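J.: Please see the structure below; I have some questions.
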Amino acid sequence: MLVNPSRFLMAGTALVAVLSTGAGQAADWSDTAIGYRYGTQFTEPNNPDKVEKHILQLSHVSGYSLGQNFFNLDLLQSDSTDPVQGSDSGATEAYLVYRHQLHAGKLLGAPIAFGPIQDMALTAGFDLNTKNSAFAPRKRQLLVGPTLKFDVPRGFLDLSLLYSREWNHCGLDACGLPGNRNDLSFDPYYQVNLAWGLSFEAGALPMKFQGFYNYNGEKGDDYFGVPTEAEQLMRTRLMLDAGQLTWGGENTLWVGVGHEYWRNKFGNHSKPGVDTDALTLNLEWHL
Numbered sequence: 007m008l009v010n011p012s013r014f015l016m017a018g019t020a021l022v023a024v025l026s027t028g029a030g031q032a033a034d035w036s037d038t039a040i041g042y043r044y045g046t047q048f049t050e051p052n053n054p055d056k057v058e059k060h061i062l063q064l065s066h067v068s069g070y071s072l073g074q075n076f077f078n079l080d081l082l083q084s085d086s087t088d089p090v091q092g093s094d095s096g097a098t099e100a101y102l103v104y105r106h107q108l109h110a111g112k113l114l115g116a117p118i119a120f121g122p123i124q125d126m127a128l129t130a131g132f133d134l135n136t137k138n139s140a141f142a143p144r145k146r147q148l149l150v151g152p153t154l155k156f157d158v159p160r161g162f163l164d165l166s167l168l169y170s171r172e173w174n175h176c177g178l179d180a181c182g183l184p185g186n187r188n189d190l191s192f193d194p195y196y197q198v199n200l201a202w203g204l205s206f207e208a209g210a211l212p213m214k215f216q217g218f219y220n221y222n223g224e225k226g227d228d229y230f231g232v233p234t235e236a237e238q239l240m241r242t243r244l245m246l247d248a249g250q251l252t253w254g255g256e257n258t259l260w261v262g263v264g265h266e267y268w269r270n271k272f273g274n275h276s277k278p279g280v281d282t283d284a285l286t287l288n289l290e291w292h293l
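7 is the number of the first residue of the sequence shown in this note's numbering; add one for each residue after it.
Structure, rendered in structure tokens:
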């Protein structure tokens, strides 16, 4: 089944409109952005070749009386080294992330603060993906757990410990052989998530450093009965507020560079394509 990027983008835009009301209440603040990143050094498990990808991003964050929402949709277009099933053209993937935080300070009337921690929150959400490659993944992931919100001068720094359940699909014929499964419910595992967005000035240049780091524990056997190993994923971006420098439009157009660090991708190990070190060029337009 082919992925239709326009449908995902339309669905994502509709969901952003819903989320901007803040879980049924008027949003106190919100920020919506369209982004683009490009790199030539991406990898895929069991693929020895480097993959070139163009990635279109739609993201939204908003705060309301009890907490905040975060939504991100990535549409990833590979080159022919990561092909569509039964074709020489590059595969298309859609990956959606949603997180909701309930802030202790807003629920209780006073924050739970100590040391460098300015408040605590309960985080819950989900990940969804689909891709029209031969593997044909259909990831469904639920997460919930506590978050420490650090006191930083400008921006945010959150550390979460999340309980995770994941279900996925394998479209390869080998996954359907006796003893293997096309659809798999992985063992429960934990995720340590660090997310940040920090603003600063480098001389006269308005900058920000943003990103996230995930450490996923082992999640049992894969489709072939091979034990998975712990997985690490980090994406970082160093961005310049080009809009503010050129026409005075603060927080409109950002340009910069990024890096993707991935180890044991999807829990795979001891095979080609499971480790990634990819530099990216990045653009962000805030609506």
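Beta carbons: idealized from backbone N, C-alpha and C, even for Gly. Keep in mind that this is a model prediction, so the values were computed, not measured.
Which word fits leucine 293, buried or exposed, when buried means at least 16 other C-beta atoms lie within 10 angstroms of its C-beta?
T.: By one-based count along the sequence shown, residue 293 stands at place 287. Classification of leucine 293: exposed, given that the 10 Å Cβ count is below 16.
J.: So, tryptophan 291 versus tryptophan 253, is the Cβ gap smaller than 9 Å?
T.: Position 285 of the sequence shown, counted from the start, is the residue given in the question as residue 291. Position 247 of the sequence shown, counted from the start, is the residue given in the question as residue 253. Contact: no.
J.: According to the neighbour-count rule (16 or more other Cβ atoms, all chains shown, within 10 Å of its Cβ), is serine 139 buried or exposed?
T.: On the sequence shown, position 133 is the one that residue 139 refers to. So serine 139 counts as buried.
J.: Short of 6 Å in beta carbon distance, which residues of its chain neighbour glutamate 172, apart from the five on each side in sequence? Order them along the chain.
T.: As a working note, residue 172 is residue 166 in the sequence shown. Once the five neighbours on either side are set aside, the close Cβ partners of glutamate 172 are Gln147, Phe192.
J.: Which partner residues of phenylalanine 272 appear in the DSSP bridge assignment?
T.: As a working note, residue 272 is residue 266 in the sequence shown. Beta-bridge pairing links phenylalanine 272 to no other residue.
J.: State the start and end residues of the unbroken alpha helix (DSSP H) segment that holds threonine 252.
T.: Walking along the sequence shown from the start, residue 252 turns up at place 246. Its alpha helix (DSSP H) spans residues 248-252.
J.: Helix or strand or just coil, what does DSSP make of glycine 177?
T.: Position 171 of the sequence shown, counted from the first residue, corresponds to residue 177. It is coil, neither helix nor strand.
J.: Could you check the C-alpha separation between leucine 285 and aspartate 85 for me, to the nearest Å?
T.: Residue numbering aside, residue 285 sits at position 279 when the sequence shown is read from its first letter. Residue numbering aside, residue 85 sits at position 79 when the sequence shown is read from its first letter. The alpha-carbon atoms of leucine 285 and aspartate 85 are separated by roughly 16 Å.
J.: Need the endpoints of the alpha helix (DSSP H) that glycine 111 sits in, please.
T.: Residue 111 sits at position 105 when you count from the first residue of the sequence shown. 110-114 is the span of the alpha helix (DSSP H), which, as asked, contains glycine 111.
J.: Pick out whichever of Tyr195, Ser36, Tyr221, Asn257 has its Cα sitting closest to the Cα of leucine 211.
T.: As a working mapping, residue 211 is identified with position 205 in the sequence shown. If we check each option's Cα against that of leucine 211, Asn257 comes out closest.
J.: Measuring only the C-alpha atoms, how far is asparagine 274 from phenylalanine 48?
T.: The residue labelled residue 274 in the question sits at position 268 within the sequence shown. The residue labelled residue 48 in the question sits at position 42 within the sequence shown. Cα to Cα, the separation comes out at about 15 Å.
J.: Roughly how many angstroms lie between the CA atoms of glycine 121 and aspartate 179, to the nearest whole one?
T.: For this step, residue 121 is matched to residue 115 along the sequence shown. For this step, residue 179 is matched to residue 173 along the sequence shown. About 54 Å.
J.: Tell me, please, which residues DSSP counts as bridged to tyrosine 195.
T.: Taking the sequence shown and counting its residues from 1, one reaches residue 195 at position 189. Ser170, per the DSSP bridge assignment.
J.: With distances taken Cα to Cα, identify the nearest neighbour of alanine 142 among Ala119, Gly92, Phe162, Ala127.
T.: The count along the sequence shown starts at 1 and reaches residue 142 at position 136. Of the listed residues, the one whose Cα sits closest to alanine 142 is Gly92.
J.: Which residue from Leu163, Pro194, Lys155 puts its Cα closest to that of serine 170?
T.: Locating residue 170 in the sequence shown gives position 164, counting from the first residue. For serine 170, the nearest C-alpha among the options comes from Pro194.
J.: Considering Cα atoms alone, identify which of Leu62, Glu237, Asn188 is closest to asparagine 78.
T.: Here residue 78 corresponds to residue number 72 of the sequence shown, with the count starting at 1. For the residues Leu62, Glu237, Asn188, the minimum Cα distance to asparagine 78 belongs to Leu62.
J.: List the DSSP bridge partners of threonine 136.
T.: Residue numbering aside, residue 136 sits at position 130 when the sequence shown is read from its first letter. DSSP output for threonine 136 lists Ala100 as bridge partner(s).
J.: So within the segment 31-108, which uninterrupted beta strand (DSSP E) runs reach at least 3 residues, ignoring any that extend past its ends?
T.: With a minimum length of 3 residues, the continuous beta strand (DSSP E) runs that stay inside the segment 31-108 are 35-48, 57-70, 73-84.
J.: Since glutamine 124 contacts glutamine 74 with CB under 8 Å, what's their CB separation in whole angstroms?
T.: What you label residue 124 is simply residue 118 of the sequence shown in a count that begins at 1. What you label residue 74 is simply residue 68 of the sequence shown in a count that begins at 1. No, glutamine 124 and glutamine 74 are not in contact; Cβ-Cβ is about 14 Å, not under 8 Å.
J.: Between Tyr219, Pro89, Gly209, Leu204, which has its C-alpha nearest tyrosine 267's C-alpha?
T.: Taking the sequence shown and counting its residues from 1, the one referred to as residue 267 is at position 261. Nearest option by C-alpha distance: Tyr219.
J.: Could you name the residues of the same chain whose beta carbon sits closer than 8 Å to that of proline 152, not counting the 5 residues immediately before and after it, in chain order?
T.: Within the sequence shown, residue 152 is the residue found at index 146, counting from 1. Here the set comprises Met126, Ala127, Leu128, Thr129, Ser166, Leu167.
J.: Measuring CB to CB, does glycine 161 end up less than 9 Å from glycine 111?
T.: Numbered from its first residue, the sequence shown carries residue 161 at position 155. Numbered from its first residue, the sequence shown carries residue 111 at position 105. Cβ atoms of glycine 161 and glycine 111: not closer than 9 Å.
J.: Looking at the structure shown, is glycine 28 part of a helix, part of a strand, or coil, going by DSSP?
T.: Start at 1 with the first residue of the sequence shown, and residue 28 comes out as number 22. Residue placement at glycine 28 cannot be trusted, given a pLDDT of 44 that sits under 50; what the coordinates show is reported in the next sentence. It is coil, neither helix nor strand.
J.: In the structure shown, what three-state DSSP assignment does glycine 182 receive?
T.: Position 176 of the sequence shown, counted from the start, is the residue given in the question as residue 182. Helix.
J.: Could you name the residues of the same chain whose beta carbon sits closer than 7 Å to that of alanine 119, not counting the 5 residues immediately before and after it, in chain order?
T.: Start at 1 with the first residue of the sequence shown, and residue 119 comes out as number 113. Closer than 7 Å at the Cβ level, and outside the excluded window around alanine 119, lie Asp125.
J.: Ordered along the chain, which non-local residues of its own chain (more than five positions away) have a Cβ less than 8 Å from that of leucine 246?
T.: For the purposes of this step, residue 246 is identified with residue 240 of the sequence shown, where counting begins at 1. Counting only Cβ-Cβ distances below 8 Å, and skipping sequence neighbours, we find Leu211, Pro212, Met213, Trp260, Val261, Gly262.
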